[in-house]
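The working numbering puts the first residue of the sequence shown at 8, with every later residue one more than the last.
Okay, structure first, notes after.
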Amino acid sequence: MRVLAISSYPRQAASTRFRVGQFIAPLRERGIELDLQPFLSEKLFTEIYRPGNLASKAADIARGLAKRTIEIVGLRNYDLLFVQREAMFFGPEIFEWIYRKIGRMPLVLDLDDATYVGYKSPTYGKLGSVLKCFGKTDRLIKASARVICGNRFIAEYAAALGATTEIIPTVADTDVFRPAERKNDPPIIGWIGTHSTFASVEKLFPILERLAARYRFRLKIVGAAKERIELNGVPTENLKWSLEREPIDFASLDIGLYPIFAVPHASEEWILGKSGFKAIQYLACGVPFVMSPVGIAAEIGIAGETHFNARSLEDWYNCLEQLLNDLGLRQKMGNRGRQYALENYTVEKQAEKLAEVFQTAKSG
8 MRVLAISSYP RQAASTRFRV GQFIAPLRER GIELDLQPFL SEKLFTEIYR PGNLASKAAD
68 IARGLAKRTI EIVGLRNYDL LFVQREAMFF GPEIFEWIYR KIGRMPLVLD LDDATYVGYK
128 SPTYGKLGSV LKCFGKTDRL IKASARVICG NRFIAEYAAA LGATTEIIPT VADTDVFRPA
188 ERKNDPPIIG WIGTHSTFAS VEKLFPILER LAARYRFRLK IVGAAKERIE LNGVPTENLK
248 WSLEREPIDF ASLDIGLYPI FAVPHASEEW ILGKSGFKAI QYLACGVPFV MSPVGIAAEI
308 GIAGETHFNA RSLEDWYNCL EQLLNDLGLR QKMGNRGRQY ALENYTVEKQ AEKLAEVFQT
368 AKSG
């Protein structure tokens, strides 16, 4: 079977890398050839949410449109269309419609976020909201032979629109994301993410400053896209995100942070659609962590064994204090988390489910 996989973003984006890219090899072993074609170039992906350079961005978007148009020529070579969220990050579902009709193939839609929820873009404001065409996701769900969902909340939404769904969580390759020997002195508390989720981490800064008055630790922030991050009394390392360094950054932490708070550009409904992937990365790397038990995150791991859940800011303080105080507890939680990841979140296990979805969708 040949599958054309299309996505808005290149492999630098976690959604493309972990929902599509890492399955190419295991699907090939199962007789399925997956051809991944993103809309955005790597260059444009790094610049699209930064202000300015409009002419350069417009030229790159034009190249993406041309690429999508050229792809139409080869559609008859495929048996199935696999769409990771959407063919383009803006506009209506025109290419999804054209590809299905001309290629005469069923559509499998992958949703790892609640893209059906409208929001105001933190970079482009109301203009971004208009260009996103938020009703597009609903129409794609209704047109799909199968909808793959990152969690049960997304699956419930898609099923209510009449879709046949399969839940496949976003997972990290446990051969790549794995524990490393840590001899950090003082211990490192850290977070790896993106500019869009950094606002939740900032809400913890007063807690971290309180802890620093009593305990020695370093703070490691990766991917915030901030020039400077300064906390009173907290030695802080502020790094740009790197694809090559990502597994190393996760494995370097003694304690992971996974705060999930509603912020202006992320409503509670949007948060419910999040995949909880950061928790799965911590588990794979054997890093004990503290997490907000929101949405599907409340169902990942075993609270008290693989991580701590924190519902209030005082909970955050107490949980982090407990982990800072007890190296043995950190090691025990990390080991249990790694075991949990191997039991529940491997690429092989999810690839088997994905292959079955493709086979079923093709056969009708």
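Glycine included, each C-beta is placed from N, C-alpha and C at the ideal position.
#### Entry: Whole-number beta carbon distance between arginine 189 and aspartate 261, since they are thought to touch under 8 Å
Going by Cβ atoms, the distance from aspartate 261 to arginine 189 rounds to 6 Å, so yes, they are a contact pair.
### Same chain, Cβ closer than 6 Å to lysine 285, five either side skipped, listed in chain order
So the qualifying residues of the chain are Tyr265.
### Task
Could you tell me if proline 193 is buried or exposed, where buried requires 16 or more neighbouring beta carbons within 10 angstroms of its beta carbon?
Counting every other CB atom within 10 Å of its CB across the protein chains shown gives proline 193 a total below 16, marking it as exposed.
### Query
Taking all protein chains shown into account, do 16 or more other C-beta atoms lie within 10 angstroms of the C-beta of leucine 134, making it buried, or fewer, making it exposed?
The predicted position of leucine 134 is uncertain, since its pLDDT is 49 and thus under 50; a value taken from the coordinates is nonetheless stated next. Around the beta carbon of leucine 134, fewer than 16 other beta carbons lie within 10 angstroms, which makes this residue exposed.
### Task
Go ahead and label alanine 315 buried or exposed: buried means 16 or more other beta carbons lie within 10 angstroms of its beta carbon, across all protein chains shown.
Note that residue 315 is phenylalanine in the sequence shown here, rather than alanine. Residue environment: phenylalanine 315 is assigned as buried (16 or more neighbouring CB atoms within 10 Å of its CB, all protein chains considered).
### Query
Helix, strand or coil for phenylalanine 6 per DSSP?
An answer regarding residue 6 cannot be provided, because it is not within the stretch 8 to 371 covered by the chain.
### Task
Measuring alpha carbon to alpha carbon, tell me which of Glu49, Glu321, Gln29 ends up nearest glutamate 4.
Residue coverage of the chain in this structure runs from 8 to 371, which leaves residue 4 outside it and unanswerable.
### Message
What does the Cβ neighbour count give for proline 99, buried or exposed, with the cut at 16 atoms within 10 Å?
### Response
With a 10 Å radius around the Cβ and a threshold of 16 neighbouring Cβ atoms, proline 99 comes out exposed.
### Message
Between which residues of its own chain and lysine 360 is the CB-CB distance below 7 Å, once the five residues before and five after are set aside?
### Response
Glu173, Ile175.
### Message
Please tell me whether phenylalanine 257 and serine 299 are closer than 8 Å, where the distance is taken between their beta carbons.
### Response
In this structure, phenylalanine 257 sits away from serine 299, with a CB-CB distance that is not shorter than 8 Å.
#### Entry: Pairwise C-alpha distance: leucine 61 and tyrosine 131
Low confidence applies here, because tyrosine 131 scores a pLDDT of 49, under 50, leaving its location unreliable; read the following figure in that light. Put simply, the backbone Cα of tyrosine 131 is about 12 Å away from that of leucine 61.
### Query
First and last residue of the alpha helix (DSSP H) that includes leucine 61?
Looking at the DSSP string, the run of the alpha helix (DSSP H) that includes leucine 61 is 61–78.
### Message
Assuming alanine 372 is part of the beta strand (DSSP E), what are its boundary residues?
### Response
Residue 372 is absent from the model: the chain starts at 8 and stops at 371.
### Task
Measure the beta-carbon distance from serine 22 to arginine 92 and round it to whole angstroms, keeping in mind my assumption that it falls under 8 Å.
By a beta-carbon distance limit of 8 Å, serine 22 contacts arginine 92. Their separation comes to about 7 Å.
### As assigned by DSSP and simplified to three states, the class of asparagine 245
Asparagine 245 falls in the strand class under three-state DSSP.
### Query
Closest to threonine 122 by CA distance: which of Lys143, Val115, Phe296 is it?
Here the closest residue by C-alpha is Lys143.
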